[in-house]
Amino acid sequence: MRGGWQGAPCAPLPPAHALVRMAHPAERKVWNALPQYVPAPSHRTTNRYQNKARMPTPRPPIPLADYQRIFRVLKTVLDATDADTPHPSVFFSVAGAHLVEQIYKKKCQPVAGAAFYRMDDAAGTILSFADRNAAHDALSSDKGFHCWILCDGHVIDFTAPLFRESLQARGVAGNHARKMFQKPLQSLADSPLLMREPGDFYMLPNVDLTREILEKFFARDDAADLLNVCTHWYRKPPKDIPREASMARNDGSETRMTLSGISLVGAW
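Numbered by this note's numbering, the letters in the sequence shown go through residues 554 to 821 in order.
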């Protein structure tokens with residue numbers, strides 16, 4: 554198994570005593586500080602792999618075709634404008650949450666913190682977004698973090714189709730499959746060291762960092778324009794969506810955008 558912290562190619566995971574914890578009080582405190590409609594994950598005392606067949610799989614909030622189209626809109630707007638923040642997951646989570654709330658009428662919460670994902674390659678690669686120098690109760694800072702969305706008891710990550718590029722940027726070769734990531738929050742692993750199967754994930758939200766990141770994003774002069782162009786361009790499948798859209802800029806210029814054609818092959 555190999556993994557890499559944000560900003561460090563394929564560095565080893567921290568020692569087990571720093572991360573393996575069951576019902577860690579500090580972790581539950583962080584989850585519970587989020588809005589009350591988001592349940593804190595229940596840390597299991599039994600082996601979830603042995604009981605997997607008995608665990609019903611909740612329906613994800615967004616169908617695969619819709620997720621793919623939302624991803625295409627978000628990526629296109631991100632690439633065509635200066636919305637490219639130092640961490641693109643900020644835009645994907647904020648704009649994605651806004652779009653889902655406006656179009657699907659589902660309450661969403663963008664969250665920032667540490668995130669770990671087990672890939673589907675033979676090496677068992679762990680893609681990690683964290684700060685190894687942060688306190689163990691946080692595992693994240695403005696130097697190393699990731700953003701995702703909480704919605705209807707699920708974790709939604711609209712950056713998942715770009716995990717391939719995240720790994721390649723850290724020197725991990727391979728064409729990892731482009732997949733949707735929507736997982737029940739209750740399936741959260743107990744530790745990055747206890748992720749056994751492809752698609753397993755571990756996240757630790759950082760409430761203070763989330764607040765700071767959202768404040769910075771909405772302080773942008775073009776924040777409302779960026780969110781609105783995504784929402785106005787998007788059409789629910791099976792409706793046709795325009796291949797092109799434009800966005801007026803503050804300087805009077807106009808940005809023309811052509812919808813991304815990236816396709817997904819399934820779900821994690």
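Virtual Cβ for every residue (Gly too), placed ideally from N, Cα, C. Just so it is clear, the structure is predicted and the values come from calculations on it, not from any experiment.
In this structure, the CA atom of TYR755 is about 22 Å from the CA atom of PHE624. DSSP places GLU654 within a helical segment (H, G or I) once states are collapsed to three. Around the CB of ARG764, fewer than 16 other CB atoms lie within 10 Å, so the residue is classed as exposed. Partner residues in the beta bridge of GLU807, as assigned by DSSP, are ALA801. In the three-state reduction of the DSSP assignment, TYR620 falls in the helix class, which pools H, G and I. Here HIS707 has PRO611, PRO613, PRO614, GLN735, LYS736, PRO737, LEU738 as same chain residues with Cβ atoms under 8 Å from its own Cβ, once five neighbours each way along the sequence are excluded. Counting along the chain, the unbroken alpha helix (DSSP H) around ALA776 starts and ends at 776-786. Sequence-distant Cβ neighbours of VAL653 in its own chain, meaning closer than 8 Å and more than five residues away, are PRO614, ILE615, ILE623, LYS659, CYS661, ILE702, CYS704, ILE709. For LEU680, the enclosing beta strand (DSSP E) covers residues 679-682. Scanning ALA820, TYR657, GLY677 for the CA closest to the CA of LEU747 turns up GLY677. Note on geometry: alpha-carbon atoms of ASP778 and PHE711 lie some 20 Å from one another. Exclusion of the five residues before and after TRP821 leaves LYS732, PHE734, GLY752 as the residues of its chain whose Cβ lies within less than 6 Å of its Cβ. Around the beta carbon of LYS792, fewer than 16 other beta carbons sit within 10 angstroms, so the residue counts as exposed. Taking 8 Å as the cut-off, the Cβ atoms of ALA667 and PHE716 do not count as close. Residue pairing by DSSP places GLN735 opposite ILE709 in a beta bridge.
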